[in-house]
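Student: Residue numbers (the working numbering): 16 to 588. Glycine included, every Cβ here is placed at the ideal spot set by N, Cα and C. Keep in mind the model is a prediction, meaning the values are calculated, not measured.
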Amino acid sequence: MSILSSAPTNKTTPFASKRLEGNTQRRGVWLPKLDGELLALGLMTLTFNAFMIYVVVFRLNLFLTDAMARTRSAWQVFFSAEPKLAYIGFIWAPLPTILQLPFVLIPWLRYKGLSGNVVTALCGAGAAMVLMLLLRRVEIPNVLRWLFVGVFIFNPIIAFYSSNGMSEMVLILCVLIVAYCYVRWHETRGQWTYLTGCSIAASFAFLARYDAAFFIVILTLAVALQAFVWYSETPYITESTILMFGAPIGYVMFLWILSNWIIMGDPLFFARSTYSNAGQIGYQLTLLPWLLPIKGNLAASLQAGLIQTWSLFPPFIVLSIVTGVVIIWKRSWLWLSLLGVAWSLTLFSIMNLYVGQSALFLRYFITCIPMSYVLAVGILQSITRLRGWVSLLLILLFAVSTVSTLDAMRGADRVSNWGQWNDVFINAVLEDKPVKAWAEEEELASYIIKNTKGKILVDDFQGYRIIFFSAQPDRFITPGDSVFSLYLREPYGNVEYILTSRFELEGTLNQVNIAYPNLYSQGASWAKLDKEVDIANLVKLEREVLVWKLYRVISSPNQVPFRSPSSDVSPTK
Numbered sequence: 016m017s018i019l020s021s022a023p024t025n026k027t028t029p030f031a032s033k034r035l036e037g038n039t040q041r042r043g044v045w046l047p048k049l050d051g052e053l054l055a056l057g058l059m060t061l062t063f064n065a066f067m068i069y070v071v072v073f074r075l076n077l078f079l080t081d082a083m084a085r086t087r088s089a090w091q092v093f094f095s096a097e098p099k100l101a102y103i104g105f106i107w108a109p110l111p112t113i114l115q116l117p118f119v120l121i122p123w124l125r126y127k128g129l130s131g132n133v134v135t136a137l138c139g140a141g142a143a144m145v146l147m148l149l150l151r152r153v154e155i156p157n158v159l160r161w162l163f164v165g166v167f168i169f170n171p172i173i174a175f176y177s178s179n180g181m182s183e184m185v186l187i188l189c190v191l192i193v194a195y196c197y198v199r200w201h202e203t204r205g206q207w208t209y210l211t212g213c214s215i216a217a218s219f220a221f222l223a224r225y226d227a228a229f230f231i232v233i234l235t236l237a238v239a240l241q242a243f244v245w246y247s248e249t250p251y252i253t254e255s256t257i258l259m260f261g262a263p264i265g266y267v268m269f270l271w272i273l274s275n276w277i278i279m280g281d282p283l284f285f286a287r288s289t290y291s292n293a294g295q296i297g298y299q300l301t302l303l304p305w306l307l308p309i310k311g312n313l314a315a316s317l318q319a320g321l322i323q324t325w326s327l328f329p330p331f332i333v334l335s336i337v338t339g340v341v342i343i344w345k346r347s348w349l350w351l352s353l354l355g356v357a358w359s360l361t362l363f364s365i366m367n368l369y370v371g372q373s374a375l376f377l378r379y380f381i382t383c384i385p386m387s388y389v390l391a392v393g394i395l396q397s398i399t400r401l402r403g404w405v406s407l408l409l410i411l412l413f414a415v416s417t418v419s420t421l422d423a424m425r426g427a428d429r430v431s432n433w434g435q436w437n438d439v440f441i442n443a444v445l446e447d448k449p450v451k452a453w454a455e456e457e458e459l460a461s462y463i464i465k466n467t468k469g470k471i472l473v474d475d476f477q478g479y480r481i482i483f484f485s486a487q488p489d490r491f492i493t494p495g496d497s498v499f500s501l502y503l504r505e506p507y508g509n510v511e512y513i514l515t516s517r518f519e520l521e522g523t524l525n526q527v528n529i530a531y532p533n534l535y536s537q538g539a540s541w542a543k544l545d546k547e548v549d550i551a552n553l554v555k556l557e558r559e560v561l562v563w564k565l566y567r568v569i570s571s572p573n574q575v576p577f578r579s580p581s582s583d584v585s586p587t588k
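#1: Whole angstroms are fine: how far does the CA of Arg-346 sit from the CA of Thr-256?
#2: Can you give me the Cβ contacts of Leu-240 inside the same chain, cut-off strictly under 6 Å, excluding the 5 residues immediately before and after it?
#3: Look up Asp-438 in the DSSP assignment and say whether it is helix, strand or coil.
#4: Can you tell which of Ile-121, Ile-187, Asn-157, Met-147 has its C-alpha closest to the C-alpha of Ala-136?
#5: Which same chain residues, not among the five before or five after Trp-453, have their C-beta less than 8 Å away from its C-beta?
#6: Using DSSP's beta-bridge definition, name the partner residues of Thr-515.
#7: DSSP beta-bridge partners for Leu-544?
#8: Would you kindly report the start and end of the unbroken alpha helix (DSSP H) that includes Met-366?
#9: How about Ala-220 and Cys-196: are their beta carbons less than 8 Å apart?
#10: Excluding the 5 residues flanking Met-386 on each side, which residues of the same chain have their C-beta closer than 6 Å to its C-beta?
#11: Run the CB neighbour count on Thr-523, radius 10 Å, all protein chains shown included, and call it buried at 16 or more, exposed below.
#12: Nearest to Ala-217 by CA position, among Gly-265, His-201, Ile-172, is which residue?
#13: Name the two residues that bound the continuous alpha helix (DSSP H) containing Trp-404.
#14: Please go through the same chain and pick out, in chain order, the residues whose beta-carbon is closer than 7 Å to the beta-carbon of Lys-127, but skip the five residues on each side of it.
#15: Going by the CB atoms, is the gap between Glu-154 and Arg-402 shorter than 8 Å?
#16: Using DSSP's beta-bridge definition, name the partner residues of Ala-539.
#17: Quick one: grab the DSSP three-state call for Leu-472.
#18: Would you tell me roughly how many angstroms separate the C-alpha atoms of Gln-318 and Gln-396, rounded to the nearest one?
#19: Relative to the C-alpha of Leu-534, which residue among Arg-517, Glu-458, Glu-521 is closest?
#20: Sort Leu-408, Ser-182, Gly-469, Pro-250 by Cα distance to Pro-330 and report the nearest one.
#21: Nearest to Met-426 by CA position, among Ala-143, Arg-378, Gly-393, Ala-391, is which residue?
#22: Is it right to say Trp-563 is buried, meaning 16 or more other beta carbons lie within 10 angstroms of its own, or is it exposed?
#23: Measuring only the C-alpha atoms, how far is Phe-105 from Tyr-246?
#24: Would a C-beta distance cut-off of 8 Å place Ser-182 and Arg-224 closer than the cut-off?
#25: What does the Cβ neighbour count give for Val-418, buried or exposed, with the cut at 16 atoms within 10 Å?
#26: So, is Phe-169 buried or exposed, given that buried needs 16 or more other C-beta atoms within 10 angstroms?
#27: Using 8 Å as the threshold, is the C-beta distance between Asp-489 and Ser-95 below it?
#28: Would you mind giving the Cβ-Cβ distance between Val-134 and Pro-111, rounded to the nearest angstrom? I have them listed as a contact below 8 Å.
#29: Three-state secondary structure (DSSP) at Phe-331?
#30: Are Ile-277 and Leu-334 close, meaning C-beta to C-beta below 8 Å?
#31: For a test of the three-state rule: what should DSSP assign to Ile-106, helix, strand or coil?
#32: With distance defined between alpha-carbon atoms, name the residue in Tyr-507, Leu-501, Leu-514 nearest to Gln-477.
#33: On a Cα-Cα basis, can you pick out the residue from Thr-361, Ser-316, Ala-314 that is closest to Phe-328?
#34: Measuring straight from C-alpha to C-alpha, what distance separates Lys-588 and Ala-227?
#35: Just tell me which of Met-268, Leu-56, Thr-382 has its CA closest to the CA of Val-164.
#36: Output needed for Thr-39: all residues of its chain with C-beta closer than 8 Å, excluding positions within five of it in sequence on either side, in chain order.
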């Protein structure tokens, strides 16, 4: 096989309606048949993920910050003081929140925010099924395929992120679908249905996490170059192939940018607003000063990213090197493309470190695990002898590497109050002790439910945890409500209570703090302190406790100076 695959020998075009021979002819060219093996794998994986939800939520009482924020956003779409789709938010990628919308309508899935956990469990099961489909491209015994997938499912960080409500498993599922469709597009020599599936999955990957930006660029270049080679004598088919792949992605990106522009007034609001990574990185670096030398230092950024990748899953780097040898040996454009796609996700995180837009969180490198399996498929396809033994060797390598994953999870995320919690999770499992990280917010939410009536004004950029634990989003007036600015200027007669926090770190972005900078520290004649949690009674982890004060509004603050916040936008995550 040449470095670029030769043109289709049967002269099929991307629009050919003729089905392929054999199994493909019977099953069609788009959706694989959901046979007993896939169904059993999906149900078994979902059962395991459900057990992990029980462990994370009910046994360990572990709630992650970003997961709570997304679930709270999904609640507010239907159950807020002003229900609307805009509560999905315009900061973080929207797909993980959108996927929760049907589940939050089920009352028992609103308990403890289980809708988010269910989404990750389903995506984890789907990822395992797509891996099985990929492994079917290689002729190995069934037992080895199951062992491959089993090692993936039971990898500690995969198990954790398949049950904790975060966005990583949504991205992983999309990336694996892209890899599967791209492989099948090559194997079928240009079947348009696989190319379309690849494009749609890549679009969803972008909506799941912005990490997919480099991923999409490299994939688009790979498809374009392959189309030029396959259809060099028919330029109109080349153009159609590129448009077929690029149109869904371009349409989705255009809609997201247009929505930001129309609703928020800035087409790049998600990338450069007050609450974006660019806006938050300042106080993050205050707590992580050792990251400062990495910013603007390409060598240091590469080193930090590679160390994280190696510590999380060493086989990714090892298999990347082996895949490079296979590419030279077999002259395979397919696996050169997929190697670039695999590394694009890691390089995006490294780029963010270099430009100072991101902290060094372990979960940003999690895609190296599923992409290791994709690269393993390419290596196994390239050999004909001893394939079973090589498969067994790779399985053992992946299994042993879970020790490295465990070690990385225990030692990487020492500042765990931004939704990382890998170390907290591992230690809590080993000690079998529940986590009480958000004791203050839980206590305050319980107090609000039992002892207050009426509306509460709060900036949900910080206050989302209180809203989450209260499970009463309709009680809170937040920046996503059209009346927030009016009520912030004149709370008396509009809300009964106002929540304020310490004016430091992320508290400097809190619009209530900006409007009333002395309210937390000095109080005010127009507000009476109703509740302040005693810090001494809180269980502190390795973070500063975010102290809240709940004030009852007793008169108008118009007699005191008012400082207008810099923006009146919804800081949904």
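Tutor: Short version:
#1: Computed Cα separation, rounded: 23 Å.
#2: none
#3: helix
#4: Ile-187
#5: So the list reads Phe-78, Arg-480, Phe-484, once near-sequence residues are dropped.
#6: Lys-564
#7: Under DSSP, Leu-544 shares a beta bridge with Tyr-566.
#8: 348-370
#9: no
#10: Ala-357
#11: exposed
#12: Gly-265
#13: Run containing Trp-404: 402-426, per the alpha helix (DSSP H) assignment.
#14: Residues Val-72 of the same chain have their beta carbon placed closer than 7 Å to that of Lys-127, with the five preceding and five following residues left out of the count.
#15: yes
#16: Ala-542
#17: Reduced to three states, the DSSP call for Leu-472 is strand.
#18: 31 Å
#19: Checking every option, the nearest Cα to that of Leu-534 belongs to Arg-517.
#20: For the residues Leu-408, Ser-182, Gly-469, Pro-250, the minimum Cα distance to Pro-330 belongs to Leu-408.
#21: Looking at the sequence shown, residue 426 is not Met but Gly. Comparing Cα positions, the closest option is Arg-378.
#22: Result: buried.
#23: 40 Å
#24: Yes.
#25: By the neighbour-count criterion, in which 16 or more other beta carbons inside 10 Å mark a residue as buried, Val-418 falls on the exposed side.
#26: exposed
#27: yes
#28: 7 Å
#29: The answer is helix: DSSP assigns Phe-331 an H, G or I state.
#30: no
#31: Ile-106 falls in the coil class under three-state DSSP.
#32: Leu-514
#33: Thr-361
#34: Because the pLDDT of Lys-588 is 48, which lies under 50, any placement of that residue in the model is unreliable, and the question is left without a value.
#35: Leu-56
#36: Its pLDDT being 42, under 50, Thr-39 is placed unreliably in this model, and the coordinates cannot settle the point.
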